[in-house]
Each structure stands twice: as C-alpha cells, then as structure tokens.
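J.: Can you keep this structure in mind? I'll have questions shortly.
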Amino acid sequence: VIRVQGEAFACAGDLRCIFGLHLSKTVEPLSLLRWVPDADFLERLQDFYESEERVLRSEIFVDEANGDPDTDAYKTRTILEPLMKASICHAEHLNRRQAAAAVGHFVHSGPDRAETVKEFSTILRKLDASKYLEVVMATLRLWYGRWVSNRGEEDEELPDPLVLFVPLAERLSKSIGGVGLVRTESMQQPLLKFLKAGVAFAAEGVPDKCGFFAGLVPFVKRASKQIKDRVLSHLQSVLDGMAAEDRRLLIEALEEKDPDEAALSARERDLLATFPAFLESLGGSCESLSHPVE
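Rendered as structure tokens:
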C-alpha cells in the first residue's frame, strides 16, 4: 500500500508542476487546464509526506554500507523529489520550510539522496541566490530544532547533537557559492540579513539555542571583513538587549569561567561553549565587547 501511495504522491507532484500556477498567466484554452487541488486532497498529501519523511529521518543514520541502495533511491524519488520539483516549479511562491525539509538531507544520508539534494540546491541558488539563503536559514533552524532543541529520550542513541548539526551547516555554507561569489556586491545585503537572523535565533534561547552559533561560523568565514564588522556590531546590540542572566552566561563562556554545574547540564555547557568560537570568527574577543553584568 505504501508503495502505491508513494507513486500517487509523486504523480500528484508532477501534475501540480505541469498544470500549476503558471497556467493562470496564459490565455484560454491553456488557462483552463490549471489544476488547483482541493484542501482535503492537499491535506492527505501532507499527511503522507510527513509520515514517510519521519521514516526517512529515522533511517538517516543507518550505516550506508549496510543500507539498501534500491530502497534509498525509491524513497528519494517518491518522497523528496516531488517536494523539490514543486519548490522549483513554484519558485515565485517558494515554501521555504518545505524546501528546508528536503535540503536537510544534504548530510547523514545515502549517496543517492545527498546527490539529489545537491542538484536541487544548485538549481534554487541559480534561480535566486537571495531566496536560497532564506531556504538555508530555514533549513538550519528546522534541523537544529530536530537534532538539538527537541532531542528526546528516543534520540539518545543518535550521535552528539552538534556532531549532527555542524556538518550540515558546513555543507550548506559551500552550497551558497565560492568566496568570490559570496563577496560580490549583490550578495552583501542578503548575507548580512542571513547572519543577523542567525544571531537573533541563537540569542533568543540561552542556553538551548546557543549551539546555533556553531552553525553560523562556516558562513562567517566566507564573509568579507565589512560584513563581519557589521555582524559584530549587531551582536553587541543583541547583547545589550538581553536579559541580565542570559548575558551573564554568554560572557562567562567568553571569559572561560567555570559554570555553575549545579545550574547547568553538560549539554547546556557544551552549547554555551560555541559562542567564543563564533565571536572569534567575527574577529572579535571578550575585550572588544562591552558587557555590563548585573
């Protein structure tokens, strides 16, 4: 039954691309061919995808040498590819979270899946590099939540959360283009916006979201000095607006003070420890920040 549903899901995706929104811009009789699925049908498609994508994620860390390449290829074709096609066909109205669900399979996946995601990312970047950066941010936030923030007891057998998250960030930083492209004038504002959004996300939940700073480091390394300076200034503004207790935790991490082990778990201390490396990547230091601790 699942295989039949998978084929139907893939077929529905193809039909939505062929007879999608672009036909509304044509004249009759072509415009009459536009297909708008009803809400119930779309809900069933969404339910199937979410169910199968959970299975896909649960298999993401299986030893590739012992995996079934035929099954991996089938699931890539019936689960991820329809999502990717829909994102490309409707790039003007791109669903960033939908695209992020697929892009997250860039790492910790079988070779067939990873190669397909690589091609998808390249197409999105070429269509609109600025919009692709928004997809990258959505991807980092979505998968940070899955691997780090919302890690449950059933995930205890998985590798360390940051060991999962950082390779994804490193791979995505390479997917936005070479240093030459990243430092072109047209990419400066999108990259600055991206890094500011990342800082805001990491700082809004101390210490739980602090590990997100580790995911920003690969992108900072590709940025120009001008962008790094502006992000450093933004970081100072964020620190100034923080609750005193949250700011104290970050500053103590910078000053390498021994944290209160009774108040913080080992996981929380590990997440806080990513902040000094992020500040260093910006060219900053503890001394370069003003940080009154109340």
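Taking our numbering, the leading residue of the sequence shown gets 1, the next gets one more, and so forth. Glycine residues also receive a C-beta, built at the ideal position from the N, C-alpha and C atoms.
Hey, residue 210 and residue 133 are a contact pair by Cβ (cut 8 Å); roughly how many whole angstroms apart?
T.: The count along the sequence shown starts at 1 and reaches residue 210 at position 210. The count along the sequence shown starts at 1 and reaches residue 133 at position 133. With 8 Å as the limit, residue 210 and residue 133 do not qualify as a contact, their Cβ atoms being about 22 Å apart.
J.: Please state whether DSSP places residue 54 in a helix, a strand or coil.
T.: The sequence position of residue 54 within the sequence shown is 54, counting from 1. Here residue 54 sits in helix by DSSP.
J.: Between the alpha carbons of residue 146 and residue 118, how many angstroms are there, rounded?
T.: Locating residue 146 in the sequence shown gives position 146, counting from the first residue. Locating residue 118 in the sequence shown gives position 118, counting from the first residue. C-alpha separation (whole angstroms): 21 Å.
J.: What does a CB cutoff of less than 7 Å around residue 78 pick up in its chain, not counting 5 residues either side in sequence?
T.: Position 78 of the sequence shown holds residue 78. For residue 78, where only same-chain residues beyond five positions count, the Cβ hits under 7 Å are 6, 7, 9, 10.
J.: State yes or no: is the C-beta of residue 165 within less than 8 Å of the C-beta of residue 215?
T.: Indexing the sequence shown from 1 puts residue 165 at position 165. Indexing the sequence shown from 1 puts residue 215 at position 215. In this structure, residue 215 lies closer than 8 Å to residue 165 by Cβ.
J.: State the start and end residues of the unbroken alpha helix (DSSP H) segment that holds residue 234.
T.: Here residue 234 is taken as the residue at index 234 of the sequence shown, counted from 1. Run containing residue 234: 225-240, per the alpha helix (DSSP H) assignment.
J.: For residue 263, count neighbouring C-beta atoms within 10 Å of its own C-beta (all shown protein chains included) and say buried if the count is 16 or more, exposed if not.
T.: Your numbering for residue 263 matches position 263 in the sequence shown. Exposed, since its Cβ has fewer than 16 Cβ neighbours within 10 Å.
J.: Please name the residue, chosen from 92, 217, 56, 282, that lies closest to residue 75 on a Cα-to-Cα basis.
T.: Against the sequence shown, residue 75 aligns to sequence position 75. Answer by Cα proximity: 56.
J.: Quick one: Cα of residue 100 to Cα of residue 84, how far?
T.: Mapped onto the sequence shown, residue 100 falls at position 100. Mapped onto the sequence shown, residue 84 falls at position 84. Those two C-alpha atoms are separated by around 10 Å.
J.: Just the C-alpha distance for residue 175 and residue 111, rounded to the nearest angstrom, thanks.
T.: Counting from one through the sequence shown, the residue named residue 175 turns up at place 175. Counting from one through the sequence shown, the residue named residue 111 turns up at place 111. Each residue's alpha carbon lies about 17 Å from the other.
J.: Within 10 Å of its beta-carbon, does residue 116 have 16 or more other beta-carbons around it, so buried, or fewer, so exposed?
T.: Taking the sequence shown and counting its residues from 1, the one referred to as residue 116 is at position 116. Buried is the call here.
J.: Provide the residue span of the alpha helix (DSSP H) that contains residue 268, from first to last.
T.: Taking the sequence shown and counting its residues from 1, one reaches residue 268 at position 268. Here the alpha helix (DSSP H) through residue 268 covers 266-272.
J.: Can you tell which of 184, 194, 150, 160 has its C-alpha closest to the C-alpha of residue 135?
T.: Mapped onto the sequence shown, residue 135 falls at position 135. Of the listed residues, the one whose Cα sits closest to residue 135 is 194.
J.: Taking the alpha helix (DSSP H) that residue 143 falls in, what are its first and last residues?
T.: As a working mapping, residue 143 is identified with position 143 in the sequence shown. From DSSP, the alpha helix (DSSP H) with residue 143 extends over 129-144.
J.: If you measure from the CB of residue 223, is any heavy atom of the ligand NAD nearer than 7 Å?
T.: With respect to the ligand NAD, the structure shown offers nothing to examine, as it has no ligands at all.
J.: Under 8 Å by Cβ, that's how I've got residue 253 and residue 273 pegged, so tell me the actual separation to the nearest angstrom.
T.: If you number the sequence shown from 1, residue 253 lands on position 253. If you number the sequence shown from 1, residue 273 lands on position 273. Between residue 273 and residue 253 the Cβ distance is about 6 Å, and since that is below 8 Å, they are a contact.
J.: In chain order, what residues of the same chain lie with their CB nearer than 6 Å to the CB of residue 285, ignoring the 5 residues before and after it?
T.: Here residue 285 is taken as the residue at index 285 of the sequence shown, counted from 1. Cβ neighbours of residue 285 beyond the five flanking positions: none.
J.: Could you check how far apart the C-beta atoms of residue 91 and residue 45 are, in whole angstroms? I think they sit under 8 Å.
T.: As a first step, residue 91 must be located in the sequence shown, where it is residue number 91. As a first step, residue 45 must be located in the sequence shown, where it is residue number 45. Contact doesn't hold; Cβ gap of about 19 Å is too wide.
J.: By alpha-carbon positions, which one of 217, 243, 105 ends up nearest to residue 231?
T.: Residue numbering aside, residue 231 sits at position 231 when the sequence shown is read from its first letter. It is 217.
J.: Answer yes or no: do residue 137 and residue 197 have a C-beta to C-beta separation smaller than 8 Å?
T.: Here the question's residue 137 lines up with position 137 in the sequence shown. Here the question's residue 197 lines up with position 197 in the sequence shown. Going by C-beta atoms, residue 137 is nearer than 8 Å to residue 197.
J.: Consult DSSP for residue 63 and reduce its assignment to one of helix, strand or coil.
T.: For the purposes of this step, residue 63 is identified with residue 63 of the sequence shown, where counting begins at 1. For residue 63, the predicted structure reports a pLDDT of 43, less than 50, and the residue's modelled location is therefore unreliable. A value from the coordinates is still provided. Coil, per DSSP.
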